[in-house]
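Here's the structure we're looking at; comments come further down.
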Amino acid sequence: MSTWLRQQVQTLLLTLRRLARDPVATLLNVSVIGVALALPLGGYLVLQNVSSVSRQITSNPQVSVFLARDTEKSEIAALETRLKGTAGVRAARFISREQALEDLKKSDNLADVVATLRTNPLPDAFVLETGGSAADLAQLEAQLKSLPKVDHVQFDSAWVRRLESLLDLGRTTVLILATLLACGLVAVTFNTIRLQILTQKDEIEVGRLIGATDAFIRRPFFHLGLVQGILGGLAALAIVYGCMLILNHSILELARLYDSDFALSFFDFNDSLAFLTFSALLGWLGSYLSVSRHLHAFEPL
Amino acid sequence: MISFSQVGKRYRGGHEALRDLSFAIADGDLVFITGRSGAGKSTLLKLIPAIERPTSGTVLVNGQNIGSMRRAAVPYLRRNLGLIFQDQKLLYDRNVFDNVMLPLAFTGHSHKDAARRARAALDKVGLLAREKAYPVTLSGGEQPRLCIARAVVNRPGILLADEPTASLDATSADEVMQMFHAFNQVGVTVVIATHDEALMRHAKPRVLALSQGRLDA
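Right, dumping it as structure tokens:
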């Protein structure tokens with residue numbers, strides 16, 4: 290084993306022993322970091338889940354094309370051929386006004402209302418399955434509107450687009466929150482390391498006098514920052530996971546009412562690892578700043 | 308090999324601790340630096356491991372110029388010096404054994420090798436049986452011996468001791484002096500600063516007598 294690696298391992302073991310020696314302080318520090326990180330992390334989890342749902346919906350949005358009342362059967366047939374030939378339309382299904390009324394009668398809530406109608410107020414319509422980017426869809430919308438006998442074009446995905454912009458807002462909020470709390474984490478580490486440096490003042494001074502290099506003296510503090518960042522990150526993941534389990538209980542109830550099996554799903558392994566790396570880096574940064582700032586107080590030179 | 312040539316040390320604030328000091332200490336020498344309190348003994352000893360830097364003249368230690376030495380090179384210089392401090396500078400939150408292990412941690416010895424060396428050093432100063440004890444529980448005669456063990460554990464070529472016997476009774480002081488003689492006999496250069504003339508009664512060592520920052524003729 291190389292000297293460098295051995296010293297790293299020895300320092301890491303020393304750091305872990307020190308953390309274990311004062312479990313209350315360690316636990317408090319780790320929970321402060323954990324709670325601070327859990328807020329943006331939880332926000333991110335919700336966003337990630339909602340956007341994956343919205344992506345599923347937007348990936349093949351339905352378009353309803355309502356026809357004018359006076360459309361003849363022959364015109365409908367011509368239109369159907371034309372719609373099926375339009376770029377971006379995957380399938381076109383014709384729903385006659387009679388059929389639409391029948392469908393409406395079948396629904397529990399509206400049956401009574403429909404019974405009171407003397408004439409059928411519903412138009413003939415096509416339901417299109419479409420695909421393509423947002424720009425393609427906008428072009429398609431214009432194209433459909435310009436067709437003869439087309440009265441109204443409705444994108445069922447309009448609300449999804451609204452949701453998308455809400456999600457954008459959410460993402461920005463989470464980003465701001467994450468930045469603020471990342472600064473908080475750096476500050477917490479900075480302070481912990483400062484206290485640790487003061488506690489080990491004698492050791493640092495004696496070490497310097499008998500041949501410790503700067504790198505050697507700094508190393509345990511970097512390790513402490515890193516380990517604290519990782520533990521805090523783990524705590525945040527645990528907090529978010531716990532909250533998710535609790536929330537999912539209620540979400541499943543709610544989703545069932547909407548005939549959906551939607552539930553929050555947790556980060557995959559890679560995302561969790563990336564997050565831990567990030568929190569470890571923040572811990573390291575905090576200790577780096579603290580060490581650079583405070584170790585000069587003990588310069589014997 | 309330690310050589311001072313026309314060395315002066317003026318502290319910030321204007322106090323002139325050493326003036327125009329020139330001498331050389333050859334490898335394997337045993338040298339006493341004597342003088343009253345404030346004569347500059349501690350300052351002289353601090354110049355050798357670059358704890359202080361000379362303000363004029365040249366200090367050479369093993370061919371390295373202390374005055375112009377880069378900060379990053381200082382730890383490596385100190386690893387070849389055994390330092391015994393007047394106030395011992397022991398770490399009171401760890402036991403005797405771990406205190407002696409400290410210098411070996413810097414140099415990256417394996418734990419097994421380091422432990423062997425630490426026990427050898429403790430054995431030389433007669434503290435092997437007390438390796439689990441904490442420094443506060445050591446007697447006044449044992450604490451300087453622990454400091455010596457820590458200084459020699461890296462097998463330095465030069466041993467520097469500042470008033471190593473200041474707090475000791477005559478018997479303990481004699482024991483400590485015998486240890487220094489023993490190290491000197493195996494080729495270690497030993498430099499001891501002391502105001503206790505009685506220490507020199509056993510041998511006829513070389514004496515550098517300081518008075519107001521200069522060597523007495």
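Sequences listed follow chains A and B, in order. If you use the working numbering, the first sequence corresponds to residues 290 to 590, in order. If you use the working numbering, the second sequence corresponds to residues 308 to 524, in order. We put the beta carbon where it would ideally sit given N, CA and C, even for glycine.
Query raised in the report: List, in order along the chain, the chain B residues whose C-beta lies closer than 8 Å to that of Arg295 (chain A)?
Result: As a position in the first sequence, residue 295 (chain A) is number 6, starting the count at 1. Near Arg295 (chain A) (Cβ distances below 8 Å), the residues of chain B are Gly415, Ser417.
Query raised in the report: Taking only runs of the beta strand (DSSP E) that begin and end inside the stretch 457-537 of chain A, which ones reach a length of at least 3 residues, in chain order?
Result: Complete beta strand (DSSP E) runs here, min 3: none at all.
Query raised in the report: Applying the criterion that 16 or more other CB atoms from any shown protein chain within 10 Å of the CB defines a buried residue, is Phe558 (chain A) buried or exposed?
Result: Position 269 of the first sequence holds residue 558 (chain A). Residue burial annotation: Phe558 (chain A) is exposed, with fewer than 16 other C-beta atoms found within 10 angstroms of its C-beta.
Query raised in the report: So, does the CB of Arg437 (chain B) fall closer than 8 Å to a CB anywhere in chain A?
Result: Here residue 437 (chain B) corresponds to residue number 130 of the second sequence, with the count starting at 1. Taking a beta-carbon distance threshold of 8 Å, Arg437 (chain B) does not count as an interface residue toward chain A.
Report task. Sort out for me which residues DSSP pairs Arg382 (chain A) with in a bridge. Result -> The residue labelled residue 382 (chain A) in the question sits at position 93 within the first sequence. Answer is A:Val416.
Query - Beta-carbon proximity of Ala414 (chain A) to Ser353 (chain A), cut-off 8 Å - result: In the first sequence, the residue the question calls residue 414 (chain A) occupies position 125. In the first sequence, the residue the question calls residue 353 (chain A) occupies position 64. Cβ atoms of Ala414 (chain A) and Ser353 (chain A): closer than 8 Å.
Query - Proximity below 8 Å, CB of Ser479 (chain B) to CB of Gly448 (chain B) - result: Mapped onto the second sequence, residue 479 (chain B) falls at position 172. Mapped onto the second sequence, residue 448 (chain B) falls at position 141. Taking 8 Å as the Cβ cut-off, Ser479 (chain B) and Gly448 (chain B) qualify as a contacting pair.
Query raised in the report: Can you tell me whether DSSP reads Ser579 (chain A) as helix, strand or coil?
Result: As a working mapping, residue 579 (chain A) is identified with position 290 in the first sequence. Ser579 (chain A) falls in the helix class under three-state DSSP.
Requested in this report: Reducing DSSP to helix, strand and coil, say where Val324 (chain A) ends up.
Outcome: Sequence index remark: in the first sequence, residue 324 (chain A) carries index 35 (1-based). Val324 (chain A): helix per DSSP, three-state reduction.
Query raised in the report: Within the 8 Å Cβ cut-off, does Pro382 (chain B) reach chain A?
Result: Here residue 382 (chain B) refers to the residue found at position 75 when the second sequence is read from its first residue. Output row for Pro382 (chain B): interface = yes.
Report task. Return no unless some Cβ of chain B is closer than 8 Å to the Cβ of Val580 (chain A). Result -> Working through the first sequence from its first residue, we reach residue 580 (chain A) at position 291. So no, Val580 (chain A) is outside the interface.
**Report entry** Inter-residue CB distance, Val368 (chain B) and Ile355 (chain B) (contact presumed, cutoff 8 Å)
**Finding:** Taking the first residue of the second sequence as 1, we reach residue 368 (chain B) at position 61. Taking the first residue of the second sequence as 1, we reach residue 355 (chain B) at position 48. By a beta-carbon distance limit of 8 Å, Val368 (chain B) contacts Ile355 (chain B). Their separation comes to about 6 Å.
**Report entry** Option nearest Gln299 (chain A) by Cα separation, candidates A:His512, A:Gln517, A:Asp548, A:Tyr577
**Finding:** As a working note, residue 299 (chain A) is residue 10 in the first sequence. The shortest C-alpha separation from Gln299 (chain A) is found at A:His512.
Query raised in the report: When burial is assigned at 16 or more other CB atoms within 10 Å of the CB, is Leu590 (chain A) buried or exposed?
Result: For the purposes of this step, residue 590 (chain A) is identified with residue 301 of the first sequence, where counting begins at 1. Note that Leu590 (chain A) has pLDDT 44, beneath the 50 cutoff, so the model's placement of it is unreliable and the number below is only indicative. Exposed: under 16 other Cβ atoms inside 10 Å.
Query raised in the report: Based on the DSSP secondary-structure assignment, which residues constitute the bridge partners of Gly377 (chain A)?
Result: As a first step, residue 377 (chain A) must be located in the first sequence, where it is residue number 88. Gly377 (chain A) pairs with nothing; no bridge assigned.
Query raised in the report: Can you tell me the Cα-Cα spacing of Thr365 (chain B) and Leu390 (chain B), whole angstroms?
Result: Within the second sequence, residue 365 (chain B) is the residue found at index 58, counting from 1. Within the second sequence, residue 390 (chain B) is the residue found at index 83, counting from 1. Whole-angstrom Cα-Cα distance: 21 Å.
Query raised in the report: Cβ atoms of Arg378 (chain B) and Pro410 (chain B): under 8 Å apart, would you say?
Result: Within the second sequence, numbered from 1, the residue matching residue 410 (chain B) stands at position 103. Within the second sequence, numbered from 1, the residue matching residue 378 (chain B) stands at position 71. No. Outside cutoff.
Requested in this report: Kindly indicate if chain A contains any beta-carbon less than 8 Å away from that of Lys396 (chain B).
Outcome: Position 89 of the second sequence holds residue 396 (chain B). True, the Cβ-Cβ gap to chain A drops below 8 Å.
Query raised in the report: Does the separation of the CB atoms of Leu526 (chain A) and Ala325 (chain A) fall below 8 Å?
Result: One-based indexing of the first sequence puts residue 526 (chain A) at position 237. One-based indexing of the first sequence puts residue 325 (chain A) at position 36. For the pair Leu526 (chain A) and Ala325 (chain A), the CB atoms are not nearer than the 8 Å cut-off.
Query raised in the report: Pro410 (chain B) touches chain A at which residues, Cβ-Cβ below 8 Å?
Result: The residue given as residue 410 (chain B) occupies position 103 in the second sequence. The contact set of Pro410 (chain B) on chain A, defined by CB atoms closer than 8 Å, consists of Ile499, Gly500 in chain order.
Query raised in the report: Can you name, in chain order, every residue of its own chain whose Cβ lies under 7 Å from the Cβ of Leu393 (chain A), other than the five neighbours on each side?
Result: As a working note, residue 393 (chain A) is residue 104 in the first sequence. A distance below 7 Å between beta-carbons, with the five flanking residues on each side excluded, links Leu393 (chain A) to the following residues of its chain, in chain order: Leu399, Val403.
Report task. Please confirm if Leu390 (chain B) has its CB atom under 8 Å from at least one CB of chain A. Result -> Looking up residue 390 (chain B) in the second sequence gives position 83. For Leu390 (chain B), the answer is yes, since a Cβ of chain A falls inside 8 Å of its Cβ.
Query raised in the report: Is the stretch 388-406 of chain B touching the stretch 437-453 of chain B in the sense that three or more CB pairs, one from each, lie closer than 8 Å?
Result: With the rule of 3 Cβ pairs closer than 8 Å, the stretch 437-453 of chain B counts as touching the stretch 388-406 of chain B.
Report task. Verify the CB distance criterion: does Ile332 (chain B) have a CB-CB separation below 8 Å to chain A? Result -> Along the second sequence, one-based indexing puts residue 332 (chain B) at 25. Not an interface residue.
**Report entry** Sequence-distant residues of its chain with Cβ nearer than 7 Å to Gly494 (chain B) (five each side left out)
**Finding:** Residue mapping note: residue 494 (chain B) aligns to position 187 of the second sequence, counting from 1. So the qualifying residues of the chain are Gly335.
Query raised in the report: Taking Leu520 (chain A) as the reference, which of A:Arg310, A:Gln297, A:Val321 has the closest Cα?
Result: Numbered from 1 along the first sequence, position 231 holds the residue referred to as residue 520 (chain A). Closest by alpha carbon: A:Val321.
Report task. Measuring only between beta-carbons, confirm whether Arg377 (chain B) sits less than 8 Å from chain A. Result -> If you number the second sequence from 1, residue 377 (chain B) lands on position 70. Cβ-Cβ to chain A under 8 Å: no for Arg377 (chain B).
Report task. Could you name the residues of the same chain whose beta carbon sits closer than 8 Å to that of Ile540 (chain A), not counting the 5 residues immediately before and after it, in chain order? Result -> The sequence position of residue 540 (chain A) within the first sequence is 251, counting from 1. Closer than 8 Å at Cβ, skipping near neighbours: Phe551, Ala552, Leu553.
Query raised in the report: Could you check where the alpha helix (DSSP H) with Ala425 (chain B) kicks off and where it finishes?
Result: Mapped onto the second sequence, residue 425 (chain B) falls at position 118. For Ala425 (chain B), the enclosing alpha helix (DSSP H) has its first and last residue at 418-431.
Query raised in the report: Counting only beta-carbon atoms, is Arg386 (chain B) nearer than 8 Å to chain A?
Result: On the second sequence, position 79 is the one that residue 386 (chain B) refers to. For Arg386 (chain B), the closest Cβ of chain A is nearer than 8 Å.
Query raised in the report: Of all the options A:Cys472, A:Ile499, A:Arg358, which has the alpha carbon lying nearest to the alpha carbon of Pro437 (chain A)?
Result: Working through the first sequence from its first residue, we reach residue 437 (chain A) at position 148. Closest option to Pro437 (chain A), Cα to Cα, is A:Arg358.
Query raised in the report: What whole-angstrom Cβ distance do Gly374 (chain B) and Ala516 (chain B) have, given they're in contact under 8 Å?
Result: Indexing the second sequence from 1 puts residue 374 (chain B) at position 67. Indexing the second sequence from 1 puts residue 516 (chain B) at position 209. Actually they do not touch by this definition, with Cβ atoms about 24 Å apart.
Query raised in the report: Applying a beta-carbon distance threshold of less than 7 Å, which residues of chain B neighbour Phe505 (chain A)?
Result: Numbered from 1 along the first sequence, position 216 holds the residue referred to as residue 505 (chain A). Near Phe505 (chain A) (Cβ distances below 7 Å), the residues of chain B are Phe413.
Query raised in the report: Expressed to the nearest angstrom, what Euclidean distance is found between the alpha-carbon atoms of Lys431 (chain B) and Arg423 (chain B)?
Result: For the purposes of this step, residue 431 (chain B) is identified with residue 124 of the second sequence, where counting begins at 1. For the purposes of this step, residue 423 (chain B) is identified with residue 116 of the second sequence, where counting begins at 1. Distance between the alpha carbons of Lys431 (chain B) and Arg423 (chain B) is about 13 Å.
Query raised in the report: Which value, in whole angstroms, describes the spacing of the CA atoms of Glu323 (chain B) and Ile340 (chain B)?
Result: To locate residue 323 (chain B), count along the second sequence from 1; it is residue 16. To locate residue 340 (chain B), count along the second sequence from 1; it is residue 33. Each residue's Cα considered, the two are about 18 Å apart.
Query raised in the report: Taking the C-alpha atoms as reference points, what is the distance between Phe383 (chain A) and Tyr530 (chain A)?
Result: Here residue 383 (chain A) corresponds to residue number 94 of the first sequence, with the count starting at 1. Here residue 530 (chain A) corresponds to residue number 241 of the first sequence, with the count starting at 1. Each residue's Cα considered, the two are about 46 Å apart.
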